[in-house]
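Add 112 to the 1-based position in the sequence shown for the numbering used here, that's all there is to it. Have a look at the structure below, then the notes.
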Amino acid sequence: MDAPHLGIVTISEGFGVDRTTERLVKAALVDDPAIRAVYSIGGGNRAILRAFAEEKRPIDVFAAHDLDADNRPLLAEGHLTFVIHHDLRQDARSACQMVMAHHRMLPKDFQVAPSRVAIATPYEVF
């Protein structure tokens with residue numbers, strides 16, 4: 113591990129629901145005063161921000177997933193450090209191509225393109 117002094121706290125089962133997510137994050141913040149960064153793979157990012165604000169805790173880095181209607185304004189306002197975005201249509205197309213290739217429905221030399229991933233920051237114009 114490159115940073116043995118850092119720990120990870122997993123918060124799950126919020127299901128992207130604000131009320132549940134906020135409650136779980138607040139409990140984690142109370143239990144661990146060292147939490148200063150967030151990697152959110154689901155929804156509820158406004159609830160996460162509220163939990164940190166109510167506990168008067170800083171967020172040094174807030175990484176989120178999907179450049180959607182919820183995360184765009186949070187990113188533009190500087191509440192998110194960056195957003196990991198991938199093209200769901202391309203992911204679905206690639207999955208279908210993999211199934212077709214498995215069943216030999218595509219040419220033998222066909223190559224399934226890897227998923228493209230983009231990183232959006234507050235400094236980019238949307």
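In this text, a Cβ means the ideal position worked out from N, Cα and C, and glycines have one as well.
Beta-bridge pairing of residue i - partner residues as DSSP gives them
i, result
"His215", "Bridge partners of His215: none, in fact."
"Phe174", "Val150"
"Phe194", "Ala175"
"Ala230", "His197"
Distance between beta carbons of residue j and residue i, contact taken as under 8 angstroms
i, j, result
"Leu186", "Leu192", "5 angstroms"
"His197", "Ala232", "6 angstroms"
"Val224", "Gln209", "5 angstroms"
Cutoff 7 angstroms: residue i Cβ touching any chain C Cβ
i, result
"Leu136", "Absent from the structure is chain C; it holds one protein chain and no more."
Buried versus exposed call for residue i [16 or more other C-beta atoms within 10 Å across all chains shown]
i, result
"Gly126", "buried"
"Ser124", "exposed"
"Ser63", "The first residue shown for the chain is 113 and the last is 238, placing residue 63 beyond what the model contains."
"Val150", "buried"
"Phe164", "buried"
"Ile147", "buried"
"Ile120", "exposed"
"Leu141", "buried"
"Leu118", "exposed"
Contact check, residue i vs residue j, beta carbons under 7 angstroms
i, j, result
"Asn183", "Val195", "yes"
"Ile190", "Pro234", "Going by the sequence as given, residue 190 is Gly instead of Ile. Going by C-beta atoms, Gly190 is nearer than 7 angstroms to Pro234."
Contact test: residue i Cβ vs the ligand NAP heavy atom, cutoff 6 angstroms
i, result
"Gly126", "Of the ligands one can find in the structure shown there are none, so the ligand NAP has no counterpart to examine."
Between the segment 174-192 and the segment 206-219, do three or more beta carbon pairs fall short of 8 angstroms?
no
Quick one: any contact between the segment 129-136 and the segment 154-165, if contact means 3 or more CB pairs under 8 angstroms?
yes
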